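All remarks here apply to the structure that follows.
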Amino acid sequence: MNVLVTGATGFVGSAVVKRLSEQGHVYAAVRKPSDMFSEEVNQVIVGDLATGTDYTGAVKNMDVVIHVAARVHVMDDDATDPLAEFRKVNVDGTLNLAKQAALAGIKRFVFISSIKVNGETTTGKPPFLPSDTYITTDPYGLSKLEAE
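Listed below in structure tokens is the structure:
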């Protein structure tokens, strides 16, 4: 089974790639070649998620796409409209990739979201139930919620 992982050089994505590389054919979607992967990992060079990237070559012959890539943890963000910048990547970029995966006939698209969609705190026990109302006000959390 051929699996394409976006965000493969990030914290979560690299763990997913490492685990999948032990089991089969994993392809790491990266912006530039990286030496962080073992020989078992095939690297597929793709553009920035926010730019309307053409993923035709990357998704060709894939069975699954695991989409981990996102705009996260931007320190000292100087964007005039941070929410718009998060949306470019986390909403529009995700939708672009999902559409191209569907057009390529990929039947399984796994989207990794974030606990941030639930907000910063919870009073429930257990915390963050599916029935909870979303209360995030953070640009990152809002963009991930919109992508869901």
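Numbering (the working numbering), first residue to last: 126 to 273.
All C-beta atoms in this analysis are idealised placements derived from N, C-alpha and C, irrespective of residue type, glycine included.
Because the structure is a prediction, the values reported are computed rather than measured.
- In the three-state scheme derived from DSSP, where H, G and I count as helix and E and B as strand, LEU254 is classed as coil.
- With a cutoff of 8 Å on beta-carbon distance, VAL242 and LYS269 are scored as near each other.
- Bounds of the alpha helix (DSSP H) holding ALA223 are 219-228.
- The C-beta separation of VAL193 from ILE237 comes to about 5 Å, placing the pair in contact by the 8 Å criterion.
- The beta carbon of ILE231 is closer than 8 Å to those of VAL184, MET187, ASP188, VAL189, VAL190 in its chain, skipping five residues each way along the sequence.
- By the neighbour-count definition (other C-beta atoms within 10 Å, threshold 16), ASN215 is a buried residue.
- Residues PHE234 of the same chain have their beta carbon placed closer than 7 Å to that of ALA223, with the five preceding and five following residues left out of the count.
- Our two residues, PRO158 and ASP203, have alpha carbons roughly 28 Å apart in a direct line.
- When DSSP states are grouped into helix, strand and coil, ASN186 belongs to the coil group.
- With fewer than 16 other Cβ atoms from the protein chains shown falling within 10 Å of its own Cβ, PHE253 counts as exposed.
- For ASN127, same chain residues with a beta-carbon under 7 Å away, outside a window of 5 residues either side, are HIS150, TYR152, ASN186, MET187, ASP188 in chain order.
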